[in-house]
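In what follows, a single structure is set out as structure tokens and then discussed.
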Amino acid sequence: MADQLSETEDLPATPGQFAKENPAVWEAYSDLGEACSAAGPLDDETKRLVKLALAVGAQSEGAVHSHVRRGLDEGLTPEELQHVAALSIPTIGFPKAMAARSWIADLTE
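Heads up, the numbering used here is the position in the sequence shown plus 29, with the first residue counted as 1.
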């Protein structure tokens, strides 16, 4: 539990505060994420791109920023991250994909 609390220092303000105020909920949420990640055969790079795509589809700017940051830290290129936005055009539409491109660019330009 202490390790997970120290990890909350790297979170943006709102989820970091939630994690500090609700450590049991944060621990369960973290455990769920780890279990989902381990539940299948995808490699880490593919999982990161899928998570970014889900954030793009959900139109969650904060989640897009989070997954872009993590992707860059894990060695993904800005071009690979932007490709996710391009792939989203037929599914979520041009305007939403362009919003996602701008959110990705917030951290890659």
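Glycine included, every Cβ here is placed at the ideal spot set by N, Cα and C.
The continuous alpha helix (DSSP H) containing Glu90 extends over residues 90-102. Remark: C-beta atoms of Ala128 and Gln88 approach each other more closely than 8 angstroms. In the three-state scheme derived from DSSP, where H, G and I count as helix and E and B as strand, Ala68 is classed as coil. Counting along the chain, no alpha helix (DSSP H) covers Thr106, and no H or E run does either. DSSP places Pro41 in no alpha helix (DSSP H); its state is neither H nor E.
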